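Just so we're aligned: the sequence shown equals residues 7 to 319 in the working numbering.
The structure appears right after this line, and notes come after that.
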Amino acid sequence: MVITPDLQNLSYSVKYGVKCFELVAEPVKQEILPGVFMNAWGYNGSSPGPTIIVYPGDYVKIRVYNKLPEPTSVHWHGLNIPNNMDGVPAVEPSPRIDPGSFFDYEFLITNPPGTHMYHSHYHTVKQDTMGLVGAFIIESEKKENIQSDYFIMLGENKLRSLPKFVVRRGFFNINPFTMDNNFFFMNGRCFPYTSPLLVKKGDNCRIRFGNISLNNHPIHFHGHQFSVTASDGNPIPQEARILKNTLTIGSGETWDIVFNCNNPGLWPLHCHFAHHVSNNLQLPLGGMTTSVNYIGFKGKAANPVPMIHWLKK
Numbered sequence: 007m008v009i010t011p012d013l014q015n016l017s018y019s020v021k022y023g024v025k026c027f028e029l030v031a032e033p034v035k036q037e038i039l040p041g042v043f044m045n046a047w048g049y050n051g052s053s054p055g056p057t058i059i060v061y062p063g064d065y066v067k068i069r070v071y072n073k074l075p076e077p078t079s080v081h082w083h084g085l086n087i088p089n090n091m092d093g094v095p096a097v098e099p100s101p102r103i104d105p106g107s108f109f110d111y112e113f114l115i116t117n118p119p120g121t122h123m124y125h126s127h128y129h130t131v132k133q134d135t136m137g138l139v140g141a142f143i144i145e146s147e148k149k150e151n152i153q154s155d156y157f158i159m160l161g162e163n164k165l166r167s168l169p170k171f172v173v174r175r176g177f178f179n180i181n182p183f184t185m186d187n188n189f190f191f192m193n194g195r196c197f198p199y200t201s202p203l204l205v206k207k208g209d210n211c212r213i214r215f216g217n218i219s220l221n222n223h224p225i226h227f228h229g230h231q232f233s234v235t236a237s238d239g240n241p242i243p244q245e246a247r248i249l250k251n252t253l254t255i256g257s258g259e260t261w262d263i264v265f266n267c268n269n270p271g272l273w274p275l276h277c278h279f280a281h282h283v284s285n286n287l288q289l290p291l292g293g294m295t296t297s298v299n300y301i302g303f304k305g306k307a308a309n310p311v312p313m314i315h316w317l318k319k
């Protein structure tokens, strides 16, 4: 089962053979650091929203309720579905969802197993940036030699009322109409508030990345080489796979990597743009960073991040 650290998998019920999910688009208070909240938009109480997990051949119904102050829609990014279910009302014969209303997206899963996303496609310049995004995973029913399976959604925002080099507790509005972002996230959190990815020595670990944000992000992994196994939900043939330790996740892309857990330690996994591994350009390390931690490793960080000292009241 895919784990999305710091976010939930969306539950479902089965009615007459149909997997029925419910998504609620609504304002949320997303805690990016302890006591630091952004006034975002999301699904079911979080931004990004919960991860949807299905299997090839599933018939799904996803009821989307709109509790936002304006219309919205949902685009099922990368899925091969009917035109009227794709959620782009400006172009397609798919309706916008007005405030207080809902719409049932219904379709058969015909894609192979892979990593996809969902996000708003109504006033996207605002709504995607406000946080209306999430993961859509098609899992394989075949047994795979994968012992740990994680998803990470990359994100970024400009928080108002925070001058450069200042991070303080409080609730902050997002400016969705700027390219000058000052906070960078993995699954809606900034380091050191991101949860580490736990692995065991000898296991094979897959990490799935998704990106709906403005920028491309070169993700670098310390201490390991990884195999690039899938792109945009499509498996890469074994003979075409390459080994890397840095992979750029472009806007709108998903990538899967697999590595063998053969080097015990506490290893950083982070964007390699320097500004993106800070919180509002402030020391110490922050932003779009997490770690891969081997279970049972006896070492510890030489200089634990003193987060409490640089968070201003």
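Each residue gets a CB set at the ideal place from its N, CA and C atoms; glycine is no exception.
These numbers come from a predicted model, not from an experiment.
- CA-to-CA, the gap between P105 and V80 works out to about 14 Å.
- With a threshold of 16 other beta carbon atoms within 10 Å, M192 meets it and is buried.
- For V94, the secondary structure class from DSSP, reduced to helix, strand or coil, is coil.
- In this chain, the alpha helix (DSSP H) harbouring D134 covers 130 to 136.
- With 16 or more other Cβ atoms from the protein chains shown falling within 10 Å of its own Cβ, Y128 counts as buried.
- Our two residues, P182 and G208, have alpha carbons roughly 43 Å apart in a direct line.
- When the beta-carbon positions are compared, M123 and F142 come within less than 9 Å of each other.
- V70 is a Cβ neighbour of D110, given a cutoff of 9 Å.
- The straight-line gap separating the alpha-carbon atoms of P224 and D186 is approximately 18 Å.
- In this structure, I301 sits away from N210, with a CB-CB distance that is not shorter than 9 Å.
- In the displayed model, H282 falls within a helix according to three-state DSSP.
- Take the alpha-carbon of V173 and the one of M294: they are about 16 Å apart.
- With 16 or more other Cβ atoms inside 10 Å of its own Cβ, L74 counts as buried.
- Taking a C-beta distance under 9 Å as the contact criterion, T10 and P56 qualify as a contact pair.
- In this chain, the beta strand (DSSP E) harbouring D155 covers 154 to 163.
- For the 9 Å CB-CB criterion, F171 and F215 do not form a contact.
- About 28 Å separates the Cβ atoms of N163 and I144, ruling out a contact at the 8 Å cut-off.
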